[in-house]
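Before any comments, here is the structure.
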Amino acid sequence: MIIALAGKGGVGKSSISSQLILQLSKKGLVLAVDADPNTNLPDKLGLNAEGTIGEIRNRIVKDPDIVPKGISKHEYIATEIRKAMHEHDNIDLLVMGRPEGEGCYCFMNNVLRECFSGMIKNYKFTVVDNEAGMEHLSRKILPRADVLLLVSDPTRIGIRTASRLASVASEVGMQIGRRILIVNNLPGDLPKELADEAKANGFDDVAAIRHDPFVYSAGLEGSALRLPDDSELSKGVASIIKMIT
Ligand SMILES: Nc1ncnc2c1ncn2[C@@H]1O[C@H](COP(=O)(O)OP(=O)(O)OP(=O)(O)O)[C@@H](O)[C@H]1O
Ligand SMILES: [Mg+2]
Numbered sequence: 001m002i003i004a005l006a007g008k009g010g011v012g013k014s015s016i017s018s019q020l021i022l023q024l025s026k027k028g029l030v031l032a033v034d035a036d037p038n039t040n041l042p043d044k045l046g047l048n049a050e051g052t053i054g055e056i057r058n059r060i061v062k063d064p065d066i067v068p069k070g071i072s073k074h075e076y077i078a079t080e081i082r083k084a085m086h087e088h089d090n091i092d093l094l095v096m097g098r099p100e101g102e103g104c105y106c107f108m109n110n111v112l113r114e115c116f117s118g119m120i121k122n123y124k125f126t127v128v129d130n131e132a133g134m135e136h137l138s139r140k141i142l143p144r145a146d147v148l149l150l151v152s153d154p155t156r157i158g159i160r161t162a163s164r165l166a167s168v169a170s171e172v173g174m175q176i177g178r179r180i181l182i183v184n185n186l187p188g189d190l191p192k193e194l195a196d197e198a199k200a201n202g203f204d205d206v207a208a209i210r211h212d213p214f215v216y217s218a219g220l221e222g223s224a225l226r227l228p229d230d231s232e233l234s235k236g237v238a239s240i241i242k243m244i245t
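For the sequence shown, this note's numbering assigns the number 1 to the initial residue and increments by one for each residue that follows.
Next comes the structure, spelled out in structure tokens:
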């Protein structure tokens, strides 16, 4: 199952992604993809990350001779991607890194897309934490999303913005299964006004996550988001997992 998270800046995509990844890893092997050039999923997960897909791409575009004679570019890239993968328990973490520099990247992106499609089959869950601009989604490196989770702040305008972003993903030709709205950082229960706004904007389902003091303190400390099971974010994410699995 491929789960992609999107939403405007600072709404909680990476915090929610990290909890999803941690909780789903108890159910099966998870491919965690940090598709934000300002990588912060590894920090939130408390995992190390060194190589990025962007670095591999740039190395090959700058110096095509780097590919050893006798193996295809495709094989070489697939091996390099495996090397850049950070494996921890039931989580394999892949960091996309910085976007393209100068030069022609069409070939590289096609190869990446193929490698990615092949790799995803080995995982029970793939979770993609996107940047606000969804650059990687628009490069169609991700073949499809069975579930697109649109994260919003608890406002009607925020929900409309999330709905527009969902349309962008469809417009660039990405196949999307369910579109679920997550209203994050709520001071209490989901108000009827916001539930109605979600319905009016055509989301298939709505999930709610309350403001979580544990997330706030982890942010102050700059530490990984390892939360107690009864914290608001943990509970909210557990209910989303029930909704989608
Ligand atoms: N439910 C919550 N309760 C309390 N704080 C939260 C909650 N969700 C997110 N935050 C805080 O909001 C801030 C932004 O969260 P996060 O980095 O997850 O958002 P993002 O959408 O990934 O941002 P960006 O667009 O920059 O990637 C962080 O400081 C995080 O700790
Ligand atoms: Mg983020």
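C-beta atoms are modelled at their ideal positions from N, C-alpha and C, and glycine is treated no differently.
CB-CB length for residue i against residue j, believed under 8 angstroms
| i | j | result |
| --- | --- | --- |
| Lys-44 | Ala-224 | 6 angstroms |
| Leu-5 | Ser-17 | 5 angstroms |
| Met-108 | Arg-57 | 5 angstroms |
| Gly-188 | Arg-156 | Not really, about 16 angstroms apart at Cβ, beyond 8 angstroms. |
| Arg-226 | Gly-46 | 7 angstroms |
| Leu-20 | Ile-3 | 7 angstroms |
| Leu-265 | Ile-53 | This structure cannot settle anything about residue 265, because the visible part of the chain is limited to 1 through 245. |
| Val-215 | Leu-233 | 5 angstroms |
| Ile-180 | Ala-169 | That pair is no contact at about 13 angstroms. |
| Met-264 | Ala-195 | With the chain running from 1 to 245 in the structure shown, residue 264 is simply not present. |
| Leu-24 | Ile-182 | Not a contact, Cβ separation roughly 15 angstroms. |
| Arg-178 | Asp-212 | At roughly 24 angstroms, the Cβ-Cβ gap does not stay under 8 angstroms, so Arg-178 and Asp-212 are not in contact. |
| Ala-166 | Leu-150 | 5 angstroms |
Continuous alpha helix (DSSP H) stretch holding residue i: start and end
| i | result |
| --- | --- |
| Ser-25 | From DSSP, Ser-25 is part of no alpha helix (DSSP H); its letter is neither H nor E. |
| Leu-233 | 232-244 |
| Ile-60 | 53-62 |
| Phe-203 | That residue, Phe-203, is in no alpha helix (DSSP H); it is neither H nor E in DSSP. |
| Asp-129 | Segment 125-130 is the beta strand (DSSP E) holding Asp-129; no alpha helix (DSSP H) there. |
| Leu-45 | 41-45 |
Reduced DSSP secondary structure (H/G/I, E/B, other) of residue i
| i | result |
| --- | --- |
| Val-172 | coil |
| Ser-152 | strand |
| Asn-109 | helix |
| Phe-116 | helix |
| Ala-145 | strand |
| Gly-219 | helix |
| Ile-166 | The sequence shown places Ala at residue 166, not Ile. Ala-166 falls in the helix class under three-state DSSP. |
| Ala-224 | coil |
| Gly-177 | strand |
| Leu-186 | strand |
| Arg-98 | coil |
| Ile-66 | helix |
| Ile-209 | strand |
| Ala-49 | coil |
| Asp-196 | helix |
Span of the beta strand (DSSP E), counted from its first residue to its last, around residue i
| i | result |
| --- | --- |
| His-88 | 86-88 |
| Leu-5 | 2-6 |
| Val-246 | It is not possible to answer for residue 246, since the shown part of the chain is limited to 1 through 245. |
Counted within 10 angstroms of its Cβ, other Cβ atoms place residue i as buried (16 or more) or exposed
| i | result |
| --- | --- |
| Phe-203 | buried |
| Cys-115 | buried |
| Gly-152 | Contrary to the premise, residue 152 reads as Ser rather than Gly in this sequence. Under this definition Ser-152 is a buried residue. |
| Ser-239 | exposed |
| Gly-236 | buried |
| Pro-64 | exposed |
| Pro-42 | buried |
| Asn-38 | exposed |
| Glu-87 | exposed |
| Tyr-123 | buried |
| Gly-28 | exposed |
| Leu-220 | exposed |
| Pro-143 | exposed |
| Ser-117 | exposed |
| Asp-229 | exposed |
| Asn-110 | exposed |
| Val-33 | buried |
| Thr-245 | exposed |
| Gly-70 | exposed |
| Asp-36 | buried |
Beta carbon proximity, residue i to chain D, threshold 7 angstroms
| i | result |
| --- | --- |
| Thr-126 | Protein chains in the displayed structure number just one, and chain D is not present. |
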